[in-house]
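Working notes for the structure below.
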Amino acid sequence: MDFNDTKDEAQFREEVNTWLSENAEKKQHARDIYKASGVPGDGSALEDAKKWQEKLYEAGWACLHWPKDYGGRDASPMERVIWSQEMSKYKVPGGYFEIGQGMAGPVLMTYATEEQKQRYLPPMAKGEEVWCQLFSEPGAGSDLAGIKTKAELDGDTWTINGQKVWTSGAQFSDYGILVTRSDFSAPKHKGLTYFFLDMKSPGVEIRPIKQITGGSGFNEVYFTDVKIPDSQRLGEVGDGWKVSLTTLMNERLAVGDASGVDFQEIFDLAKEQDFNGDQAIKNGSVREKLADWYCEQSGLKYTKMRNISALSQGSTPGPEASITKIVSANKLQDIANFGMDLMDSGSIVRDDDTSALFQGSLLGAPLIRIAGGTDEVLKNIIAEQVLGMPQDVRVDKNVPFNEIPTGSKN
Amino acid sequence: MNFSFSNEQILMQEEVKKLLDKENSVKRNRTILEGEEKFDEELWKSLVAMGLTATTIPEEYGGIGMGFLELCVIAEELGRGIAPVPFSSSVYLATTAILNSSNEDLKKEYLPKLAGGEIIGTFAHSEKTSFPDESGITVSANGNKISGQKIAVPDGDIADFAIVSATSGKNVGLYLVNLKNDKVTIETLDTFDPSRSHANVTFENAEAVLLQDDAWTSIEKLLDQSAVLFAFEQVGGAEAAMNMAKEYAMGRYAFGRAIASFQAIKHKVADMYVSLQLARSNCYYGAWALSNDSSELPTAAATARVSATKAFYECSKENIQTHGGMGATWEFDCHLYYRRARLLSSNIGSQGIWKDKLITSLEKSNSPA
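Just so you know, the protein sequences line up as chains A and B, in that order. Quick note: the first sequence, position 389, residue 389 per the numbering used here, numbers continuous. Converting from the second sequence to the numbering used here requires adding 1000 to each position, the first position being numbered 1.
Have a look at this one:
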């Protein structure tokens, strides 16, 4: 049992570091991030991010695990891990290409024609073209297969009408992956068809959603008679659910850790704040909470190490990774709330860096617990896919979609 | 990166599991719980025959010279099988205390017998119903004689000798005391989990051999070392309880379907799984620190201990809940795990103690993960 690289891994890490140190600026501390990066919806770093991504692409560091033919490096999963470990030590712009490269890319790789792969994958890897994912709808979130956006075929052109919601980065995307309903009389999971489309197509309207944080990382996207050629269909007509599952599997891997306040921040704050005339950290109830959060943070860190170790030894980590988001999002919310408790009445004032940090995390946490699979959906995944427990009874499973009851909130 | 146990260690773990399954250790736990015997001697002999008591003892002292990593996987299986044997007292604590010491005579005398299971040892530390700090030790040492009382000593009525913390007036030292001695009074206690025996041990000018003078740091280290092993035992028990809950839910039907198909049950079992995975991963960190004698051991041990204690409590209590009323009957095995979870939480210091130790350790290193 050790944390050491194998000889090949060490050599690769060295190579990565050499390139990064010549081309990027090292972080001074963990919070030392590139301006505006990781803030979806804020397009201010888009140009910088595109330049950086192009640099990566030219040097062969973009989409490491992709085939070289499509702009990747044919890297092993372990090399990919090493790359992201090392890159996290540098101050670089990001946050714009993850959906394309992480979700649209794998789907195109599986379902697109060779010609389409050659056309779309390299610009995606290069960051030249940004992609978004058009899945959730007002009436279809956790129950994603309940979507109603309509696709009708006439000749070899599809016409799309309907509405998507929670689309990250739609406002600066060139293309999108889209799941629609092409048959309303088939059972829910059987009538779906999957496409990719040009986001500049006539009839696509994007409206930002203002979140409780005040930011607008997400959008509503409306489709009014939007035309998509049949050649941009991915998978068979009616097979859209199968194609969507490929995307979702990748989404859950991509989401991972929740960003915001963590153990270090609450530990530091507990040393700075007074509580009943003494340092807060001297108080037993404070120490007890700190210990719980440290154990969670450490547990996630070493769970990741165990997964990486499995990768290094050639096996694939499964849906066990689902625990990361459940634990980190709830921890984020509780730490943020407790941090504000420690700052007492001053915590609600916004003109202070520390209180703003905790406030931002408290407001950001609810959406992190929902995005990319809610806590509840992830627990179902653990129970069903990891532990082999049976699926819930589904009353809508074999019913034609247009006969499924809907409530007033859909 | 190789953050996992080796194939040989995993193979060894499987052998221990097979033995405990074959010997039906869970049933034996019930026999000891309900009967007059203090521990299962037959099972103990099987473990000794397999060489498990000799695991960490070097060959020169009659052991097999493996390491703490092997002991970790053994501990996990003893926890899974809720084995009614004095393994933690004799191996995690007494053997480790002697291995840690520099008293060559004692090593030569005791280690071969411990390895061969001829004698059983324990660690006698607590004196009242709170975990002792350095100033709380009242058992006193006067030259090579000690006097005073240790309470609820695990296996105190089974062990041949105990490692005892005692104050010389100047500081707390560690002493080795032969318990089969007319200057030592042993009083077996009625406890929460009678599958593991406990006794009050009273010394009246009992003969003692000094293991180490000014030993508080060594005591802390011994507790850290054993905490990792206790944590593995707790993780083994937690996983057994989680699996019991899952299996029961798959076979129990209500409202026309397996209760395992209800989200209320699935989420409960998923919560058990989450706490178990966090604990297991922290245990691996503890195992790494323990086997490398790392300076991170105090942090790693406390982290493993706190999360394993939490996981075993959660899994054992929600296992009963999943079983419904039957889970709370004497007949079902759920309570055996519930009792063992509580017992292991109380041995070597309770949850509050270890949480405090963890934060103290982080304050010292000031460099959390």
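Positions of the beta carbon are idealized from the N, C-alpha and C atoms, including for glycine. Since the model is a prediction, treat every value here as computed from it, not as a measurement.
Against chain A, a Cβ distance below 7 Å from T1303/B picks out Y294, C295 and S298.
The straight-line gap separating the alpha-carbon atoms of G71/A and Y175/A is approximately 18 Å. For the region 322-355 of chain A, residues whose beta-carbon sits nearer than 7 Å to a beta-carbon of chain B comprise I323, I326 and V327. Against R1257/B, the close residues of chain A are V393, in the order they occur along the chain (beta-carbon pairs closer than 7 Å).
With contact defined as three or more Cβ pairs closer than 8 Å, the region 1241-1260 of chain B and the region 1318-1333 of chain B are in contact.
Rounded to whole angstroms, the separation of the alpha carbons of S1345/B and Q1351/B is 7 Å. Listed in chain order, the non-local C-beta contacts of N23/A below 7 Å within the same chain comprise K55, local neighbours out to five positions each way being set aside. Take the alpha-carbon of V1274/B and the one of E115/A: they are about 44 Å apart. DSSP places I1186/B within a strand segment (E or B) once states are collapsed to three.
In the DSSP assignment, E152/A falls within the beta strand (DSSP E) that extends over K150 to D154. For I209/A, the enclosing beta strand (DSSP E) has its first and last residue at V204 to I209. With respect to chain B, the C-beta atom of K379/A has a partner C-beta closer than 8 Å. Sixteen is the threshold: when 16 or more other Cβ atoms of the shown chains lie within 10 Å of the Cβ of Y294/A, as they do, the residue is buried.
Annotation: Cβ neighbours of E288/A in chain B (cutoff 9 Å, chain order): Q1351, G1352, K1355, D1356 and I1359.
Minimum Cα-Cα distance from F1332/B among the listed residues H1267/B, S1316/B and S1147/B corresponds to S1316/B. Secondary structure of A140/A (DSSP, three-state): strand.
The beta carbon of V130/A lies closer than 7 Å to those of Y96, F97, G100, G169, F172, S173 and D174 in the same chain, with the five residues before and after it left out. Residue pairing by DSSP places D278/A opposite F275/A in a beta bridge. Looking only at A336/A, G373/A and T374/A, the smallest Cα-Cα distance to Q359/A is reached by A336/A. The C-alpha of S328/A lies about 8 Å from the C-alpha of Q297/A.
In the same chain as P400/A, and ignoring 5 residues on each side of it, the C-beta atoms closer than 7 Å to its own belong to S185, A186 and P187, in chain order.
One Cα belongs to E1109/B, the other to S1147/B, and the distance between them is close to 24 Å.
The region 1258-1267 of chain B makes no contact with the region 1279-1289 of chain B, as fewer than three CB pairs between them are under 8 Å. Look at R181/A here: in three-state DSSP terms it is strand. Following the DSSP letters along the chain, one finds G1148/B in no alpha helix (DSSP H) but inside the beta strand (DSSP E) bounded by residues K1145 to P1154. Neighbours of K1246/B across chain A, judged by C-beta separation under 9 Å: A383, L387, G388 and M389. The way I'd put it, the region 1052-1064 of chain B does touch the region 1098-1115 of chain B; three or more beta-carbon pairs between them come closer than 8 Å.
Contact between the region 299-306 of chain A and the region 1275-1285 of chain B is present, with at least three C-beta pairs closer than 8 Å.
S1140/B is a Cβ neighbour of A1166/B, given a cutoff of 8 Å. Chain B has a Cβ within less than 8 Å of the Cβ of A291/A. The beta-carbon distance between M124/A and G94/A, rounded to whole angstroms, is 15 Å. This is too long to meet the 8 Å contact definition.
With a 10 Å radius around the Cβ and a threshold of 16 neighbouring Cβ atoms, P1084/B comes out buried. Taken through DSSP and simplified to helix, strand or coil, N219/A comes out as strand.
The continuous alpha helix (DSSP H) containing Y57/A extends over residues L46 to A59. For E1233/B, the uninterrupted alpha helix (DSSP H) segment begins and ends at W1216 to G1251. Sorting K1355/B, A1054/B, I1151/B and K1107/B by C-alpha distance to the C-alpha of Y1092/B places A1054/B at the top.
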